[in-house]
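Visitor:
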Ligand SMILES: Nc1ncnc2c1ncn2[C@@H]1O[C@H](COP(=O)(O)OP(=O)(O)OP(=O)(O)O)[C@@H](O)[C@H]1O
Ligand SMILES: [Mg+2]
Ligand SMILES: [Zn+2]
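Chains as they are written, first to last, in this note's numbering: chain A, 108 to 307; chain B, 65 to 435.
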């Protein structure tokens with residue numbers, strides 16, 4: 108079966124299958140779809156990918172992914188509201204932005220504490236967060252972490268680490284189901300969870 | 065009363081079964097056949113319709129039929145108090161077990177809310193003389209049957225504790241990190257302890273009121289060290305000691321379950337083999353009665369080799385009690401005559417091994433024994 112497919116195409120399928128949500132079979136289907144639309148879709152997609160791969164960078168302040176040193180959210184003076192929302196992943200930041208209910212700035216941890224996986228406080232940009240809270244005159248840090256064991260552990264740790272900054276530390280409340288991941292919640296639920304945040 | 069029940073059951077590429085299809089009608093089921101025929105494998109397949117690793121605690125990869133090893137699947141129509149559902153569970157090679165309920169991806173915990181399955185297997189015959197871990201697991205299965213959130217609490221506790229053990233092994237000294245994990249452990253431990261205690265209470269109540277031929281077992285949970293106090297404070301205080309040991313020494317993961325044959329005042333571990341078996345049967349029946357009272361439906365019972373060590377009188381009593389409960393008990397035995405006293409009250413199947421493949425056939429109902 109597969110021995111008739113040229114090696115370059117097999118390699119493309121194998122790369123595609125590493126994308127989230129795609130398995131070997133759906134990757135094959137996606138590549139075939141591209142191959143039948145080489146000019147209209149495949150070439151522009153390849154160019155866009157190459158361009159973005161060169162330009163993309165992590166925001167030096169918050170860890171959001173963008174194409175400049177400082178991301179548009181951090182660069183927007185209207186969002187200097189003395190509130191920082193801490194999220195695990197860039198996808199969570201984007202989910203919060205989709206909901207459009209938060210007007211402050213963000214801090215992306217890049218994961219959650221896990222001794223088993225070797226994720227330590229230093230590797231999570233926690234010291235950088237503590238520095239920001241002092242430097243930017245932040246009065247409230249909102250922890251918007253997933254309602255998982257790791258998320259709760261990390262929230263607990265952050266509350267402790269931020270205690271000496273004097274900023275109040277709150278976390279999302281009702282609406283985030285236990286075991287729930289932010290990226291999968293609808294916008295209304297995120298809005299409700301933000302309004303009902305509670306003090307840590 | 066109509067209990068939880070498995071209706072149509074399809075077992076594909078699962079251990080010695082390649083493409084098994086059974087149609088069950090909700091009555092008790094007797095499965096007979098020689099050693100190695102595939103009886104326990106069949107019960108194991110059904111046990112995977114509940115959360116966890118099934119009645120052998122096997123890794124998903126070991127369940128796949130050899131030599132093909134192309135992954136396995138169990139599919140069942142299940143009857144519950146809120147209607148009929150289609151449950152599928154399977155594992156592809158090298159992958160974790162997956163679950164679908166009514167065509168939608170579901171968690172294993174969701175299975176525990178949908179269906180209740182209890183089991184007794186021959187390895188539990190040594191339960192009272194085994195290591196504490198086996199009794200703890202037995203207790204947790206009982207708690208899970210009453211409180212489906214037990215599974216999540218156990219997972220959360222385990223996850224946080226394994227992380228804490230890693231910190232201990234790596235000699236990390238970050239008090240805030242320990243405190244954060246210990247807070248999660250304490251939350252989960254409170255749920256585990258409450259569920260276990262309540263489950264034991266439910267069994268005691270269900271045994272007290274029952275007309276049963278099986279002996280009453282008095283159960284007692286031994287929480288071990290740190291039983292009385294505040295666990296979070298215990299863990300915080302004992303970090304140095306735990307670090308020397310390389311693991312967490314106190315907590316619900318060290319609990320044990322004790323049992324006494326009530327009428328004799330005899331510890332279960334000192335009872336005869338048949339008495340110990342009778343105590344186990346008694347507990348499973350009490351568990352089933354309590355669930356039936358709570359949910360309006362008796363759980364599915366998987367009773368592997370249940371007739372072994374039971375004399376004819378106790379066997380007959382067991383079948384009578386199962387029928388009175390309206391429970392779908394799926395039972396196995398090597399000889400068909402062990403189920404004579406079930407009479408026409410159930411379905412019977414014969415399993416034989418044909419060159420490494422289990423073949424299952426529904427048989428005519430066994431002749432009733434005239435008493
Ligand atoms: N992954 C597998 N693939 C194929 N066969 C397997 C697999 N795992 C176990 N078996 C075989 O299944 C057979 C039947 O096992 P099972 O435990 O169901 O027998 P049984 O009928 O319960 O016998 P007994 O009366 O001795 O308890 C065994 O011979 C075993 O070698
Ligand atoms: Mg067996
Ligand atoms: Zn930024």
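Positions of the beta carbon are idealized from the N, C-alpha and C atoms, including for glycine.
(1) Helix, strand or coil: which one does DSSP assign to residue 68 (chain B)?
(2) Just reading off the alpha helix (DSSP H) that residue 307 (chain B) is part of, what are its end residues?
(3) At least one CB of chain B closer than 8 Å to the CB of residue 277 (chain A): is that the case?
(4) Looking at chain A, which residues of the segment 135–154 of chain B have a Cβ within less than 9 Å of any of its Cβ atoms?
(5) Does any heavy atom of ligand 2 sit closer than 7 Å to the C-beta of residue 103 (chain B)?
(6) Which of helix, strand or coil does DSSP assign to residue 126 (chain B)?
(7) When the cut-off is 8 Å and only beta carbons count, does residue 71 (chain B) lie next to chain A?
(8) Can you tell which of A:268, A:256, A:167, A:305 has the C-alpha that lies nearest to the C-alpha of residue 229 (chain A)?
(9) Given this structure, state the Cα-to-Cα distance separating residue 386 (chain B) from residue 304 (chain A), to the nearest angstrom.
(10) Does any CB atom of chain B fall closer than 8 Å to the CB of residue 264 (chain A)?
(11) Quick one: list the residues of chain B neighbouring residue 113 (chain A), beta-carbon separation under 7 Å, in chain order.
(12) Quick one: measure Cβ to Cβ for residue 264 (chain A) and residue 220 (chain A), integer angstroms, because I've assumed they're closer than 8 Å.
(13) With H, G and I counted as helix, E and B as strand and the rest as coil, what does DSSP make of residue 147 (chain B)?
(14) For residue 227 (chain B) and chain A, any beta-carbon pair shorter than 8 Å?
(15) Check the Cβ-Cβ distances between residue 245 (chain B) and every residue of chain A, and say whether any is below 8 Å.
(16) Is it buried or exposed for residue 412 (chain B), if we count other Cβ within 10 angstroms and need 16 for buried?
(17) In angstroms with no decimal places, state the Cα-to-Cα distance between residue 115 (chain B) and residue 303 (chain B).
(18) Ignore the nearest five residues each way along the sequence and tell me which others in residue 232 (chain A)'s own chain have a CB closer than 8 Å to its CB.
(19) Going along the chain, which residues of its own chain have a beta-carbon closer than 7 Å to the beta-carbon of residue 124 (chain A), five neighbours each way excluded?
(20) What residues of chain B sit near residue 237 (chain A), judged by a beta carbon separation below 7 Å?
(21) Could you tell me which residues DSSP pairs with residue 137 (chain B) in its beta bridges?
(22) Is it a yes or a no for the segment 372–384 of chain B touching the segment 394–405 of chain B, going by three-plus beta-carbon pairs under 8 Å?
(23) Within the present structure, is the beta-carbon of residue 193 (chain A) separated from the nearest heavy atom of ligand 3 by less than 7 Å?
(24) For ligand 2, is there any heavy atom lying closer than 7 Å to the beta carbon of residue 396 (chain B)?
(25) Which ranges does the beta strand (DSSP E) cover as unbroken runs of at least 3 residues, wholly within the segment 171–253 of chain B, from first to last along the chain?
(26) I need the DSSP call for residue 367 (chain B), collapsed to helix, strand or coil.
(27) Can you tell me whether residue 277 (chain A) is helix, strand or coil according to DSSP?
(28) Of all the CB atoms in chain A, is at least one closer than 8 Å to the CB of residue 230 (chain B)?
(29) Mind reading off the beta-carbon distance from residue 181 (chain A) to residue 194 (chain A)? Whole number of angstroms is fine, and I expect it under 8 Å.
(30) Residue 279 (chain B) and residue 339 (chain B): beta carbons closer than 8 Å?
(31) With DSSP as the reference, label residue 168 (chain B) as helix, strand or coil.
(32) Please classify residue 118 (chain B): is it buried, with 16 or more other beta-carbons within 10 angstroms of its beta-carbon, or exposed?
(33) Could you pull out every unbroken beta strand (DSSP E) segment of at least 3 residues lying fully inside the segment 185–247 of chain A, listed in chain order?
(34) Kindly identify the DSSP beta-bridge partner or partners of residue 140 (chain A).
(35) Residue 433 (chain B) CB to nearest chain A CB: under 8 Å?
(36) Can you list, in chain order, the residues of its chain with a C-beta nearer than 6 Å to that of residue 108 (chain A)? Leave out the 5 residues immediately preceding and following it.
Guide: In brief:
(1) coil
(2) 303–309
(3) no
(4) none
(5) yes
(6) helix
(7) no
(8) A:268
(9) 51 Å
(10) yes
(11) Those do not exist, as residue 113 (chain A) stays about 27 Å from chain B at its closest Cβ, beyond 7 Å.
(12) 6 Å
(13) strand
(14) yes
(15) yes
(16) buried
(17) 33 Å
(18) 170, 214, 215, 216, 217
(19) 130, 131, 134
(20) Chain B residues near residue 237 (chain A): none, gap ~12 Å exceeds 7 Å.
(21) B:76, B:154
(22) yes
(23) no
(24) yes
(25) 181–184
(26) strand
(27) strand
(28) yes
(29) Residue 181 (chain A) to residue 194 (chain A), Cβ: 14 Å. No contact.
(30) yes
(31) strand
(32) buried
(33) 190–194, 212–215
(34) Paired residues: none, contrary to the question.
(35) Because the pLDDT of residue 433 (chain B) is 44, which lies under 50, any placement of that residue in the model is unreliable, and the question is left without a value.
(36) Summary for residue 108 (chain A): the model assigns pLDDT 49, below 50, so the residue's position carries little reliability; its value from the coordinates is reported in the next sentence. Excluding residues within five positions, none has a Cβ falling inside 6 Å.
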